[in-house]
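Below is one structure, written out as structure tokens; the observations come after it.
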Amino acid sequence: MTSATSTEQAIELELQSVSKSYGKNLAVKSITASIPQGKVSVIVGPSGCGKSTLLRIISGLDFPTQGSVTFNGAPVRGVPEGLAMVFQDYSRSLFPWMRVDRNIGFPLRHISADERRQRVQEAIDAVGLKGKEKLYPWQMSGGMQQRAAIARALASHPKLLLMDEPYASVDAQTRADLEDLLLDIHATLGVTVLVVTHDIDESIYLADHVIALSAPPSVVAETVEVDLPRPRNQISTKQDPRFVELRAHVTSLLRSH
Amino acid sequence: MRLLRDPLSQNKTIVLGVAGTLGVLAMWELLIRSGAVSKPGLPVPTRVMAQAAELLGNTVFLNQVFTTIGEWLLGLGVAAIAGILVGGLMGAFPAVFVAFEYPVEAFRTLPSIAVGPILVLLLGAGVAPIAITVALSSIWPILLNTLYGVRGTDPTAVATARTLGVRPLGLLMQIRLVSALPFAFTGVRVAASIGLIVTVSAELLIGSGQGIGGYILLASTNAGNLDGVYAATIIAGVLGVLINAAFALLDRTAFNWKKGLAQ
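Protein sequence lines, in the order shown, are assigned to chains A and B.
In terms of the working numbering, the first sequence is residues 49 to 305.
In terms of the working numbering, the second sequence is residues 11 to 273.
Put into structure tokens, the structure is as follows:
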């Protein structure tokens, strides 16, 4: 299996021996990883391995106990510009007092109303929520709420899209649809994507490379390059012998560490 | 076969409710008129109703009602602003909470109406001591509801706002206070009812013959007009019901989105 040697790639995000402890409890132990620009990277690991902690540190919501995060060439201290986060819990992440269009326009509150309207519309079209602009989040299904959350993240034209278990609370069919939506958006906009998930199939289906974390205190078990062709397809990609092989490999990585 | 707990149709509900109320009033009337209960000063429903109808057509009395509404609104307004401000700060900042926790607990248990006479001594009789008494009694549900509303703001909503570049002051004003508003408004609703009761009581105790309370006081002492006392009391009660209905309507229209708050 090939290890990541993405030297020829421009690096969007760099983690340097990042560790995080809460009191005596070491959640994340010395994680070093590079997220290449314009690619889909997926961090996969067992529950409680500190994946969400890691995303909170990358997004500047939390600070590492040791080590550093560099985004876009600058060290992360507080929430950086050019980064958008999609949370697992869409129903809590969308503001319930705002209709869908205002929720999506919220990151653009400092630009002119005309430009804002246009960019909100673009984001709504990109995620297929046309006609739902005037609904409140709680008037929509879970899948549509997560689409709205993704649209809000896209509206700010981020360089880096972070997603924390984005599909963990939706049904299987919606999940497949949203995975394909993400791949479409990535193919169209070329944004750098970093997804955190516990689902091995999902990680391989989405990723250009998979960063497999061990059980806590977590370290990077291995970075696995996913050489499956794009565009990917829920049926044929998942039947590809290479997919099956990669899945077996990542599964063994999560088991053995 | 009909189930025992089949829900009643809306028409039936109305008919039964009206019939029950009228029935109780009619029995009451009958008890007094027949002499079965004879104690001077008991209200006779038809006479009280007639007196109430007369009062509602009387501009002098209607002015008293508006005086009461004015004092109540002033007190409630002050309570709402102060309660949301202090409650919001207490909910957002643990240091403010710790600093104000004991003063709030101490003042909260104080019977505000007992402060009335002191306020009259300090400020002189008039609208001010009554409005302040009302504010002192109605601030607590607003303050406490806002406090717990702000404190209970969904951490995911706050984290989301932070990733969208909202700074600490914005987090308080745009996220935490806004998401606490339905709770604060419930506090205002509760305070509105308490405030009206306190307004009329304060008019009785420390007023200068103004407002509904002032009318009740004059009717009971000077003229011994007991029907007037009963009628004005009922009108004050109906006013409370109307105010509550108006606030409920406002709640449904302005804060309908609260269905979306994760519980």
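From the three backbone atoms N, C-alpha and C, an ideal C-beta is built for every residue, glycine too.
C-alpha of residue 180 (chain B) to C-alpha of residue 165 (chain B): approximately 15 Å in a straight line. The count of Cβ pairs closer than 8 Å, one atom from the region 149 to 160 of chain A and one from the region 168 to 188 of chain A, reaches three, so the stretches are in contact. Proximity of the region 240 to 250 of chain B to the region 113 to 130 of chain A falls short of the contact definition, fewer than three beta-carbon pairs being nearer than 8 Å.
Under the Cβ criterion (8 Å, minimum of three pairs), the region 96 to 114 of chain B counts as touching the region 150 to 160 of chain B. Each residue's CA atom was taken as its position, placing residue 124 (chain A) and residue 61 (chain A) some 10 Å apart. Looking from the CA of residue 110 (chain A), the closest CA among A:95, A:67, A:82, A:86 belongs to A:67. Annotation for residue 158 (chain A): no alpha helix (DSSP H) segment contains it, and DSSP assigns it neither H nor E. According to the DSSP assignment, residue 260 (chain B) belongs to the alpha helix (DSSP H) that extends over 236 to 264.
For the pair residue 197 (chain A) and residue 142 (chain A), the Cα-to-Cα distance works out to about 7 Å. The Cβ of residue 41 (chain B) sits no closer than 7 Å to any Cβ of chain A. At a cut-off of 7 Å between C-beta atoms, residue 150 (chain A) does not count as an interface residue with respect to chain B. Taking 7 Å as the Cβ-Cβ cut-off, the region 164 to 181 of chain B approaches chain A at 164, 166, 167, 169, 170, 172, 173, 174, 175, given in chain order. Around the C-beta of residue 19 (chain B), fewer than 16 other C-beta atoms lie within 10 Å, and the residue is accordingly described as exposed. Contact annotation: residue 141 (chain B) and residue 81 (chain B) have beta-carbon atoms nearer than 7 Å. Contact check between the region 98 to 110 of chain A and the region 200 to 215 of chain A: three or more CB pairs, one atom from each, fall below 8 Å, which counts as touching. From the listed residues B:216, B:175, B:153, the smallest Cα separation to residue 195 (chain B) is found for B:153. Where residue 216 (chain A) is concerned, there is no enclosing beta strand (DSSP E), because DSSP gives it neither an H nor an E. A direct Cα-Cα distance of roughly 17 Å separates residue 245 (chain A) from residue 297 (chain A). CA-CA distance, residue 226 (chain B) to residue 111 (chain B), rounds to 39 Å. Interface residue (Cβ-Cβ distance to chain B less than 7 Å): residue 109 (chain A) is classified as such.
Assignment of residue 69 (chain A) by DSSP, reduced to helix, strand and coil, places it in the strand class.
Sorting A:260, A:160, A:173 by C-alpha distance to the C-alpha of residue 303 (chain A) places A:260 at the top. By the neighbour-count criterion, in which 16 or more other beta carbons inside 10 Å mark a residue as buried, residue 22 (chain B) falls on the exposed side. Within the model, the alpha-carbon separation for residue 59 (chain A) versus residue 279 (chain A) is close to 23 Å. Listed in chain order, the alpha helix (DSSP H) elements of length 4 or more contained wholly in the region 147 to 206 of chain B are 165 to 173.
Looking only at A:258, A:227, A:290, A:287, the smallest Cα-Cα distance to residue 83 (chain A) is reached by A:258. Taking CB atoms only, residue 140 (chain A) has a neighbour in chain B less than 7 Å away.
Within the same chain, 130, 131, 132, 239 come within 7 Å of residue 206 (chain A) by CB-CB distance, once the 5 residues on both sides are set aside.
For residue 82 (chain B), no Cβ of chain A is located within less than 7 Å of the residue's own Cβ. Residue 234 (chain A): member of the alpha helix (DSSP H) spanning 220 to 237, first to last residue.
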